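Peer 1:
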Amino acid sequence: MAMNTDSFALAQYDFRSGLLRGSSLSLEESTLMHRGRSRLETVPLKAIAAVRIAFERDMNKIGWAIFLLVVAYLVSLAAAPLAALAETLATRVRGDGAGSVQAIADVMIATFNGLGVAARLLPKLSNLLGAVGIVFLVIGLWGRTTLTLTIAAVEREFAVRGRNRRLFDFAETLCERLAGPGI
Numbered sequence: 390m391a392m393n394t395d396s397f398a399l400a401q402y403d404f405r406s407g408l409l410r411g412s413s414l415s416l417e418e419s420t421l422m423h424r425g426r427s428r429l430e431t432v433p434l435k436a437i438a439a440v441r442i443a444f445e446r447d448m449n450k451i452g453w454a455i456f457l458l459v460v461a462y463l464v465s466l467a468a469a470p471l472a473a474l475a476e477t478l479a480t481r482v483r484g485d486g487a488g489s490v491q492a493i494a495d496v497m498i499a500t501f502n503g504l505g506v507a508a509r510l511l512p513k514l515s516n517l518l519g520a521v522g523i524v525f526l527v528i529g530l531w532g533r534t535t536l537t538l539t540i541a542a543v544e545r546e547f548a549v550r551g552r553n554r555r556l557f558d559f560a561e562t563l564c565e566r567l568a569g570p571g572i
């Protein structure tokens, strides 16, 4: 089957990352085409009921980031006092040990020493939680630009990471074509 090479694209957008990487949107005189390595989708412009373009931040990831950063801060605050308390209690038990009570004192000393070790690990846990929180915050703030086409009762979304001016420009050209005469 021969391909029509006479078609002229009014606008084109190439997806360079994300799930749609390697595919492109082409706006032609009466159709919108989505081409990829293993896909071809052609939508007549007459079938498009609405077009929406939006930049959205991922509020779910931002919320998790704030939660993790607060927990990291609280864990960091608790580390030093907890380590000092464990050391103080272990020292007191060591000073009061006597005969038959020695076995109980040994158990308590081991418990307090274990608590001290755990308290010294809290700053590392705090740093890890903080790092994960920062990653979530960056991803959430990075957001995504989504072009949504409403075709009959179905919505078709084309999303890319970040605020993408080129996709906005493509959507504007598509809207102008849909609003123009002859569609």
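In the working numbering, the protein residues as written are 390 to 572.
Note that the Cβ used here is the ideal one computed from N, Cα and C, for glycine as well.
None of the values given here were measured: they were computed from a predicted structure.
1. Between the alpha carbons of A438 and L526, how many angstroms are there, rounded?
2. Evaluate R566 with the Cβ neighbour count: other Cβ atoms within 10 Å of its Cβ, from every protein chain shown; 16 or more gives buried, anything less gives exposed.
3. Contact between the stretch 497 to 514 and the stretch 440 to 454: three or more CB pairs below 8 Å?
4. For G425, which residues from the same chain have a beta carbon less than 8 Å from its beta carbon, with the 5 sequence-adjacent residues on both sides left out?
5. How about L504 and A475: are their beta carbons less than 8 Å apart?
6. Alpha carbon to alpha carbon, how far is S415 from L429?
7. Give me, in chain order, the residues of the same chain whose beta-carbon lies closer than 7 Å to that of I540; leave out the 5 immediate sequence neighbours on both sides.
8. Which class does E445 belong to by DSSP, given the choice of helix, strand or coil?
9. Candidates F501, A568, R509, D558: which alpha carbon is nearest T535's?
10. Go ahead and label V459 buried or exposed: buried means 16 or more other beta carbons lie within 10 angstroms of its beta carbon, across all protein chains shown.
11. Can you say whether A568 is buried or exposed, counting buried as having 16 or more other CB atoms within 10 angstroms of its CB?
12. Would you check if the distance between the CB atom of L434 and the CB atom of T562 is smaller than 8 Å?
13. Near M422, which residues of its chain fall below 6 Å by C-beta distance, leaving aside the five closest residues on each side in sequence?
14. Which ranges does the beta strand (DSSP E) cover as unbroken runs of at least 3 residues, wholly within the stretch 397 to 470, from first to last along the chain?
15. Any idea if L556 is buried or exposed, counting beta-carbon neighbours within 10 angstroms, 16 or more meaning buried?
Peer 2: Short version:
1. 35 Å
2. buried
3. no
4. L409, G411, S412, S413
5. yes
6. 11 Å
7. V432, A436, I437, A438
8. strand
9. D558
10. exposed
11. exposed
12. no
13. S415, T431
14. 400 to 403, 413 to 416, 420 to 424, 429 to 433, 437 to 445
15. buried
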